[in-house]
Amino acid sequence: MSKFLIKGPNKLKGEITVKGAKNSALKIIPASILSSDEIKITNLPKIEDVDKAMELLSDLGANIDKKESQAKISTDTIKKTDINPKLANKFRASIMFVGPLLARFKEVSFPHPGGCVIGAGGRPIDLFIEGFKAFGAQIEQSDGLYRLKTEGLKACRHFFPLISVTATETFMMTAVLAEGTTILENCAMEPEIKALADYLNSCGAQIEEAGTPNITIKGVKRITAKDFRVIPDRIETGSFAILAAMTKSELKITDCEPEHVKALLVAFDKIGIKFETGKDYIKIFKNKKLIANSIKTHEYPGFPTDLQSPYTVLMTQAEGISIIHETIYDRRLLFVDMLSQMGANIVMCDPHRVVINGPSKLYGKKLTSPDLRAGIAMIIAALSAEGTTEIDNIYQIDRGYENIDERLATIGANIKRI
Ligand code: EPZ
10 MSKFLIKGPN KLKGEITVKG AKNSALKIIP ASILSSDEIK ITNLPKIEDV DKAMELLSDL
70 GANIDKKESQ AKISTDTIKK TDINPKLANK FRASIMFVGP LLARFKEVSF PHPGGCVIGA
130 GGRPIDLFIE GFKAFGAQIE QSDGLYRLKT EGLKACRHFF PLISVTATET FMMTAVLAEG
190 TTILENCAME PEIKALADYL NSCGAQIEEA GTPNITIKGV KRITAKDFRV IPDRIETGSF
250 AILAAMTKSE LKITDCEPEH VKALLVAFDK IGIKFETGKD YIKIFKNKKL IANSIKTHEY
310 PGFPTDLQSP YTVLMTQAEG ISIIHETIYD RRLLFVDMLS QMGANIVMCD PHRVVINGPS
370 KLYGKKLTSP DLRAGIAMII AALSAEGTTE IDNIYQIDRG YENIDERLAT IGANIKRI
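Dropping the structure here:
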């Protein structure tokens, strides 16, 4: 099992380019099932989860021609709708294939998705089961598999009891081929959802108000396929901005969308971090003192849960008391134990809240990465800690960050993959 070896503290400098968003790529790949025409996807991040999504799609029979960060996919050769449980168990986003398969082929079978350990009770899928029932699908469950069938999906008016990104995307896509007009209420508003809707509309779908809490979709018989450029990864953008602040470095983050990380930039103002933004870049200036600033994670456009881990690390270097309130996931704060081992002064009040008293000097340690966002947070901590840090289980980091060691080394990080 490969590891990262990081020697700190580091002073970084220069420019780092943001890659395509994992959580946009993992939706457009299954969305290609909605049309039998060939789709061309560009700016794909070269990460494990994208490889898994491609593997799952070709296992169904699709034709995929992938080179570097580009892929051409035609799904008119799909010959089965049973999602391979061995492949689906490897990543949570495999759930995204269910809606498009049901919408296009009127049947699908799949296992309970595997992958992330951060959600309550193995990341439930009740929102998906309820949603498919609302569209009139027959559902049966046997030997660990769900089997869905329909004569033809019917549009519906459906209120999500919980705001869910992938559930919103699933039923927005499914409704594209369902007969009638669907209204989805209490939807997530992440930028990846609007990007997906804009693409589907360019192919003949009729989706209105994506990116707001209520989305209306007029069903159509079929849609064509076109080119899709994966949008910049806002979580990479935020992670690199926090890295610059943490190591008191001057860093320019390019090919990004500053609009998508507003909640972080508002927090940066409160912390006293100087930065400048342009159309597609953020430049972080060297800062001296960091002022503690509490945050509470929230669905978009609020402070993203995926930036909570790196932000928590940053607060260990800020002067004063800060409270981090993680409202989305039950286990995402568990990684703070490792920060305490590195020397941080953190008290866990309950599974959703920690109090940090900073600044405290961090020291290198042997760490294990429980999930990909905690993984990048540990790299950020290690790059500013005194001494050597060893991080294992880095598969979790490679899942979401392309060549992270090589890219950080180009801006001066002392990080080696062993
Ligand atoms: C998406 O996950 C992202 N993943 C997550 O990024 C991100 O953290 C999350 O949205 C919130 O922003 C992808 O887009 C592939 P949810 P998603 O459904 O859609 C509960 C990363 O690090 N829930 O919005 O799966 C769930 O347990 C990943 O890139 C149910 O109760 O998240 C959680 O508490 C991590 N029942 C809450 O909803 C369900 O059926 C939000 O989950 C589904 C979810």
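Each residue of the sequence shown is one higher than the one before, counting from 10 in the working numbering. Every residue, glycine too, gets a C-beta built ideally from N, C-alpha and C.
| Item | Value |
| --- | --- |
| I'd like to confirm something about Ala197: is its beta-carbon nearer than 7 Å to some heavy atom of ligand 1, or not? | yes |
| Cβ of Ile337 within 7 Å of any heavy atom in ligand 1? | yes |
| Measure the beta-carbon distance from Ala97 to Phe119 and round it to whole angstroms, keeping in mind my assumption that it falls under 8 Å. | 6 Å |
| Just to check my reading of the structure: Leu323 and Met255 have Cβ atoms closer than 8 Å, yes? What is that Cβ distance to the nearest angstrom? | 5 Å |
| Taking 7 Å as the cut-off, is the C-beta of Thr183 nearer than that to any heavy atom in ligand 1? | no |
| Would you mind sorting Pro241 into buried or exposed? The rule is 16 or more other CB atoms within 10 Å of its CB. | buried |
| Looking at the unbroken alpha helix (DSSP H) that takes in Ser349, where does it start and where does it end? | 345-350 |
| What is the DSSP secondary structure of Asn302, counted as helix, strand or coil? | coil |
| Could you check the C-alpha separation between Tyr338 and His361 for me, to the nearest Å? | 8 Å |
| For the region 54-71 against the region 200-218, do three or more pairs of beta-carbon atoms, one drawn from each stretch, fall closer than 8 Å, so that the two count as touching? | no |
| Assess contact between the region 162-179 and the region 130-150, defined as three or more Cβ pairs (one per stretch) separated by less than 8 Å. Is contact present? | yes |
| If you compare alpha carbons, which of Tyr309, Ala71, Lys76 is closest to Phe106? | Ala71 |
| Would you mind working out which of Glu245, Met182, Ile38 sits nearest Ile224, comparing C-alpha positions? | Met182 |
| On the CB-based measure, 16 or more other CB atoms within 10 Å of its CB, does Tyr404 come out buried or exposed? | exposed |
| Confirm, please, whether the CB-CB distance from His269 to Pro200 is below 8 Å. | yes |
| Since Val185 and Val239 should fall inside the 8 Å C-beta cutoff, what is the C-beta to C-beta distance between them, to a whole number of angstroms? | About 20 Å separates the two Cβ atoms, so there is no contact after all. |
| Hey, is the region 288-295 in contact with the region 324-335, meaning 3+ C-beta pairs nearer than 8 Å? | no |
| Let's test the definition: count the other Cβ atoms within 10 Å of the Cβ of Ile300 and tell me whether it reaches 16, buried, or not, exposed. | exposed |
| Using 7 Å as the cut-off, classify the Cβ of Phe137 as near or not near the heavy atoms of ligand 1, replying yes or no. | yes |
| Kindly give me the distance between the Cβ atoms of Val27 and Thr233, rounded to whole angstroms, as I take these residues to be in contact under 8 Å. | No, Val27 and Thr233 are not in contact; Cβ-Cβ is about 30 Å, not under 8 Å. |
| First and last residue of the alpha helix (DSSP H) that includes Asp407? | 404-407 |
| Got a sec: does ligand 1 put a non-hydrogen atom nearer than 7 Å to the Cβ of Ile134? | yes |
| Lys20 and Ser303: beta carbons closer than 8 Å? | no |
| For ligand 1, any of its heavy atoms closer than 7 Å to the Cβ of Ala176? | yes |
| In the DSSP assignment, find the unbroken beta strand (DSSP E) run with Leu69 in it and report its ends. | Here Leu69 belongs to no beta strand (DSSP E), and DSSP marks it neither H nor E. |
| Give me the residue from Gly17, Asp152, Lys12 with the minimum Cα distance to Gly3. | Missing from the structure shown is residue 3; the chain here goes from 10 to 427 and no further. |
| State yes or no: is the C-beta of Ser369 within less than 8 Å of the C-beta of Gly352? | yes |
| For Ala418, which residues from the same chain have a beta carbon less than 7 Å from its beta carbon, with the 5 sequence-adjacent residues on both sides left out? | Ile424 |
| When you compare only the Cα positions, how much space is there between Glu116 and Lys158? | 4 Å |
| Nearest to Gly367 by alpha carbon, out of Ile355, Glu24, Ala146? | Ile355 |
| By the three-class DSSP mapping on this structure, what secondary structure does Asn366 have? | strand |
| Figure out for me which residue from Glu194, Arg243, Thr336 has the closest Cα to the Cα of Pro222. | Glu194 |
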